[in-house]
Each structure stands twice: as structure tokens, then as C-alpha cells.
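Undergrad:
In UniProt numbering, the protein residues as written are 1 to 40.
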């Protein structure tokens, strides 16, 4: 926090999919890191 860091490749892809109106269950979001993409 404090300094602006470059967005990771997976983040740019996810943001693109999110802006496209895709749901979190969409395969497009599989690019998320395992630590952040934690479900059940």
C-alpha cells in the first residue's frame, strides 16, 4: 500500500472479463491466483 504497482497479467485479464459483464463462475476468471480464488 502506498506505492502504485503494475497490475499483474492475470489481474488485467480478470478486469477485462469483469468489465465485459462476465460472472465469477466464467472460465475467464480461472486466471485468478489460487490464494485469491478460494471457494468452499
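Ideal Cβ positions, reconstructed from N, Cα and C, are used throughout, including at glycine.
What number of angstroms, rounded off, separates the C-alpha of residue 11 from the C-alpha of residue 3?
TA: Between residue 11 and residue 3, the C-alpha separation is close to 17 Å.
Undergrad: Please name the residue in 8, 5, 6 and 14 whose C-alpha comes closest to that of residue 29.
TA: Out of 8, 5, 6 and 14, 14 has the C-alpha closest to the C-alpha of residue 29.
Undergrad: Which first and last residues belong to the alpha helix (DSSP H) in which residue 17 is found?
TA: Here the alpha helix (DSSP H) through residue 17 covers 9-19.
Undergrad: So, helix, strand or coil for residue 5, using DSSP?
TA: Here residue 5 sits in coil by DSSP.
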